[in-house]
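Chains R and U are the protein sequences, given in the same order.
Going by our numbering, the letters in the first sequence line up with residues 352 to 587, in that order.
Going by our numbering, the letters in the second sequence line up with residues 352 to 587, in that order.
There are 2 protein chains.
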Amino acid sequence: MRDFTKKLRVLLVDDNANHLRGIKELLSIETSYSIVGATRSANLAINLIKKYHPDIVLMDVNMPEKDGLQTIQAISKLGLSTKVIILSGYDDSDLIYRAMKLGAKGYVLKTMASSKLIDAIEAVAEGKVYLPSILATRFFDYFQSSAREEARVSAEENLLSSLTSRENEVLELLTQGINYKSIASQLIISDTTVKTHVNNIFQKLQVNDRTNAVLYALTHGFKVNNNKKIEHLTTV
Amino acid sequence: MRDFTKKLRVLLVDDNANHLRGIKELLSIETSYSIVGATRSANLAINLIKKYHPDIVLMDVNMPEKDGLQTIQAISKLGLSTKVIILSGYDDSDLIYRAMKLGAKGYVLKTMASSKLIDAIEAVAEGKVYLPSILATRFFDYFQSSAREEARVSAEENLLSSLTSRENEVLELLTQGINYKSIASQLIISDTTVKTHVNNIFQKLQVNDRTNAVLYALTHGFKVNNNKKIEHLTTV
DNA sequence: GATTTTATCAATCAAGAGATTTAGATAAGT
DNA sequence: ACTTATCTAAATCTCTTGATTGATAAAATC
């Protein structure tokens, strides 16, 4: 829980002067907040944060000068305990996703009741994340669909599965940027043998050189294979 | 909102028979649910889902046979509208993160009040995501820290920034697995010039061959650069 | 037991890649 | 005007890479 004997120091950033005034009035009703600044400029906001170390920054993401997402990132980089709550007019999945990814701790739509803004400030001040149900759902849909895309690429019928375990070992070393000789000495086989394996890998992956083999491996979820023989496994 | 004239069809999966019985009783009090099955086996669960297409699957993630996360993935792959709610004894960030990534729509701790489970079912049935405040915070901390790691690697003092714009173009083509000749013809310069650029790239990235240059580029956030000359830009 | 797969090694040969040096033409900055 | 950075190009030389063909032995599969 936050220390209620101390006022929460809040900075407002919104390029719209009317919104700025509105929020300022709203917060001034509450006695537990002190507004350390209210600015229309993202760049100025960064300076104010450096100077005053506010607990909370309420920020509009739709600003022209410096885009809101960049500003969040810039704030995160300061390494302060300052927490960012996003104010936005849109419930765009991608925007929510990126804002949260860059370090925002809360996200409030301008269309929401103003009491929600207070809820958000309180929650975030206590170290929680504030994301209204509808936005959380949007966020997760986006999050899961991008994860599915990753999974699809790496799980799809890919040519990597046709590699033998030795070829996998060789490819693993190829993806580390190692040349024939070093691969040979690491696997304790001759370099001509390595060449044979590499050529077989090329055939199977349908590429003509190591760079493309490595690229194929990396973009198709190639992982170090731990193909130990099953009979050597002990089940607990 | 869900159709309250129809009962929600729920499947229970938990390797602990007592938990299974407990949840079953809990849900049977509510008249709006019909339990289509209750099993201790993850593999059996998959078959039951294929057969009965339940609306909701309540699943324990701590099962021996098939691990819970794999099961979520398997369920997602079925492509049904079945939604998974995780029951777990732990509030492990990584577990929450992975479960949500794999397609879970809700996450409830066993230590939580049983009314929360009903809340979760209702929320998820309505298409929302259910993640209690504390778990949401855990999730986002994990999510943001892994995003920070990515950003760190790509933003850290990296050697890519020393490349000229022409070298960037060449590197871009290298990362596509293209050879000297093709790069030359694409950039409409001689291949000896390409070699010069490539050599300069090697020097700057401190590598000795193209595979390592490509690997460096890919692991250090190399992006296609749109370095058009500033005087050609039109500001709107 | 016969067949296939896998892993190993070898010897060529040609092509590509990379190091190095030199150098002219611009462009930009001091 | 002087300096520096960049892009371009060429020549030469060495080394690596990749293609091809062929062969043996062990292991797995049928």
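Note that the Cβ used here is the ideal one computed from N, Cα and C, for glycine as well.
Since we're looking at a predicted model, the values are computed, not measured.
In terms of Cβ geometry, Leu556 (chain R) and Leu510 (chain R) form a close pair [threshold 8 Å]. Residues of the stretch 550 to 573 of chain R with a C-beta atom less than 8 Å from some C-beta of chain U are Val558, Asp560, Arg561, Thr562, Asn563, Val565, Leu566, Leu569, listed in chain order. Val361 (chain R) is not a Cβ neighbour of Ile423 (chain R), given a cutoff of 8 Å. When C-alpha distances from Tyr448 (chain U) are compared across R:Leu378, R:Asp365, R:Phe494, the shortest belongs to R:Phe494. In this structure, Gly388 (chain R) sits near Leu399 (chain R), with a CB-CB distance shorter than 8 Å. Look at Tyr441 (chain R) here: in three-state DSSP terms it is coil, with no helix or strand label.
Within chain R, the residues whose beta carbon sits less than 8 Å from that of Ala487 (chain U) are Lys479, Val480, Leu482, Ala487, listed in sequence order. Listed by position along chain U, the residues whose Cβ is nearer than 8 Å to that of Lys452 (chain R) are Phe494, Gln495, Ala498.
Membership of Ala389 (chain R) in the beta strand (DSSP E) is indicated by the continuous run 384 to 390. The DSSP-derived three-state label of Lys532 (chain U) is helix. Look at Gly528 (chain U): its C-beta is under 8 Å from a C-beta on chain R.
In the displayed model, Lys401 (chain R) falls within a helix according to three-state DSSP. Take Asn559 (chain R), set aside five residues on each side of it, and the residues of its chain with a beta-carbon closer than 7 Å to its own are Phe553, in chain order. Straight through space, the alpha carbons of Val545 (chain R) and Val521 (chain R) are spaced by roughly 7 Å. When beta bridges are read from the DSSP output, Ile552 (chain U) appears opposite no residue. For the pair Asn551 (chain R) and Glu523 (chain R), the Cα-to-Cα distance works out to about 14 Å.
The count of Cβ pairs closer than 8 Å, one atom from the stretch 433 to 448 of chain R and one from the stretch 380 to 395 of chain R, stays below three, leaving the stretches out of contact. Residue pairing for Lys452 (chain U): DSSP places it in no beta bridge. Between Asp365 (chain R) and Leu420 (chain R), the gap from beta carbon to beta carbon reaches 8 Å or more.
Per DSSP, the unbroken alpha helix (DSSP H) holding Gly373 (chain R) starts and ends at 368 to 380. Spanning the alpha carbons of Ser513 (chain U) and Asn519 (chain U) requires a straight line of approximately 10 Å. Burial check for Gly440 (chain U): the Cβ neighbour count within 10 Å stays below 16, so the residue is exposed. If you compare the alpha carbons of U:Thr543, U:Tyr567, U:Leu409 with that of Thr526 (chain R), the shortest gap goes to U:Tyr567. A distance below 7 Å between beta-carbons, with the five flanking residues on each side excluded, links Ile469 (chain R) to the following residues of its chain, in chain order: Glu381. Secondary structure note for Asp365 (chain U): it is in no beta strand (DSSP E), with a DSSP letter that is neither H nor E. Here the C-alpha atom of His571 (chain R) lies approximately 45 Å from the C-alpha atom of Ser383 (chain U).
At the C-beta level, Val475 (chain U) and Lys452 (chain U) stay beyond 8 Å of one another. Taking C-beta separations shorter than 8 Å and ignoring five residues to either side along the sequence, the partners of Ala535 (chain U) in its chain run Ser541, Asp542, Thr544, Val545, following chain order.
Rounded to whole angstroms, the gap between the alpha carbons of Tyr531 (chain U) and His548 (chain U) is 10 Å. C-alpha of Val459 (chain R) to C-alpha of Lys467 (chain R): approximately 8 Å in a straight line. Annotation: Gly419 (chain R) is outside any beta strand (DSSP E); the continuous alpha helix (DSSP H) that includes it extends over 419 to 428. Taking C-beta atoms as the reference points, His370 (chain R) and Asp411 (chain R) count as a pair closer than 8 Å. Beta-bridge partners of Met463 (chain R) (DSSP): none assigned.
In terms of CA proximity to Lys358 (chain U), U:Glu473 leads the group U:Ala450, U:Leu395, U:Glu473, U:Ala425.
Distance between Ala464 (chain U) and Leu409 (chain R), taken at the CA atoms: about 34 Å.
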